[in-house]
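Structure first, commentary second.
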Amino acid sequence: MEKTYQGSCFCGAVQLTVTGAPAGMGYCHCESCRKWSAGPVNAFTLWPPAAVKVTKGADQIATYQKTDASHRKWCKTCGGHLMTDHPGMGLIDVYAATIPDFPFAPGVHVHYGETKLRIADGVAKMKDLPKEMGGSGVVLAE
Ligand SMILES: [Zn+2]
Ligand SMILES: [Zn+2]
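Note that the sequence shown covers residues 443 to 584 in my numbering.
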């Protein structure tokens, strides 16, 4: 049996679950994540769409897409951020903060070339993205 983890927005109007194991997880330091979240980094967990189910408040979810690469979703009632759909990757980033019971285990820092918050945690720092995700694959020092 694959494990299911509960998630919700800030106010609880939107509830969701993720099931199984994510395709990847880590921290994103890109300017888009920083500007949209108003935080220095975004802790992400990437899931195949079938693993993510909205169980309550689907009509409360709003979406904004500056580019087709990222469809950013939040709760209309509280403004709390939920997830970003990445259609090009075929994956959904459910923010680690949205699913507090999920055992978040970051494997990579991406877009570290744009960082505003250096983190000395021994986890690999990619200048942009890994090669298999269309990036340069360049690894930076912490
Ligand atoms: Zn909410
Ligand atoms: Zn980002």
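Here a beta-carbon is modelled for each residue, glycine too, at the ideal position from N, C-alpha and C.
So, is residue i buried or exposed, given that buried needs 16 or more other C-beta atoms within 10 angstroms?
i, result
"residue 468", "buried"
"residue 450", "buried"
"residue 563", "exposed"
"residue 512", "buried"
Tell me the DSSP secondary structure of residue i in three-state form.
i, result
"residue 573", "helix"
"residue 557", "coil"
"residue 539", "helix"
"residue 465", "coil"
"residue 563", "coil"
"residue 508", "strand"
Beta strand (DSSP E) containing residue i: first to last residue?
i, result
"residue 517", "512-517"
"residue 578", "Taken as a continuous stretch (DSSP letters only), residue 578 belongs to no beta strand (DSSP E), as it is neither H nor E."
"residue 496", "494-498"
"residue 550", "550-552"
"residue 485", "484-489"
"residue 502", "Unbroken run through residue 502: none, as it is neither H nor E."
Just checking my contact of residue i with residue j at CB under 8 Å: how many whole Å lie between their CB atoms?
i, j, result
"residue 571", "residue 552", "5 Å"
"residue 460", "residue 502", "About 18 Å; that fails the 8 Å criterion."
"residue 485", "residue 539", "7 Å"
May I ask you to check if the CB of residue i is nearer than 8 Å to at least one heavy atom of ligand 2?
i, result
"residue 552", "yes"
"residue 578", "no"
"residue 453", "no"
"residue 513", "no"
Between which two residues does the alpha helix (DSSP H) containing residue i stretch?
i, result
"residue 477", "473-479"
I'd like to confirm something about residue i: is its beta-carbon nearer than 8 Å to some heavy atom of ligand 1, or not?
i, result
"residue 519", "yes"
"residue 448", "no"
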